[in-house]
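Let me begin by presenting the structure, written as structure tokens, before commenting on it.
Numbering (the UniProt record's numbering), first residue to last: 1 to 145.
Here you go:
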């Protein structure tokens, strides 16, 4: 009887350790996902700031093209066209970084959920190991050892 209680205690302790190890891996993966969220937000901020500058330059170039018609600065229209293509490229980057951020946030939430589930399982197994240890002690005492 004591041997069985000891085996159950050891099995529960090993299961608890495995659950804790896996929970730790999920916690670390969640942290990495949070780092990816931060990186995507940082890139997004930089690109959005650049978008504002480019939009101002597009507006200025279009305005100058209207004002300087026929002057030696005829490349204002061409500059505005080039800046609009830059603006489109920045929009594509914004979309990509927003997508990256959303994916990283989703991953982080999933890892946090798995971490919480595994920690709950580890706690259950820890309690089970304690119960089996107490049962083992009672068996030993009952046997007079």
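Think of the CB as a built atom: it goes at the ideal place given N, C-alpha and C, for glycine as much as any other residue. Predicted model, so just to flag it, every value in this text is computed and none were measured.
Quick one: what does DSSP say residue i is sitting in, helix, strand or coil?
i           : result
residue 144 : coil
residue 75  : coil
residue 119 : helix
residue 1   : coil
Assuming residue i contacts residue j (C-beta within less than 8 Å), just tell me the rounded distance between them.
i           : j           : result
residue 13  : residue 118 : Going by Cβ atoms, the distance from residue 13 to residue 118 rounds to 16 Å, so no, they are not a contact pair.
residue 143 : residue 2   : 6 Å
residue 15  : residue 125 : 5 Å
residue 104 : residue 40  : 6 Å
Just the C-alpha distance for residue i and residue j, rounded to the nearest angstrom, thanks.
i           : j           : result
residue 101 : residue 115 : 21 Å
residue 97  : residue 91  : 10 Å
residue 43  : residue 95  : 11 Å
residue 48  : residue 65  : 25 Å
residue 51  : residue 87  : 6 Å
residue 120 : residue 85  : 53 Å
residue 139 : residue 19  : 28 Å
residue 112 : residue 26  : 7 Å
Under 7 Å from any heavy atom of the ligand GDP, does the C-beta of residue i make it?
i           : result
residue 107 : Because no ligand of any kind appears in the structure shown, any question about the ligand GDP cannot be addressed here.
### Message
Is it the case that the segment 102-112 contacts the segment 34-43, given that we only count it when at least three CB pairs across the two stretches are under 8 Å?
### Response
yes
### Message
Closer than 8 Å is the cut-off here; do at least three beta carbon pairs connect the segment 81-90 with the segment 49-68?
### Response
yes
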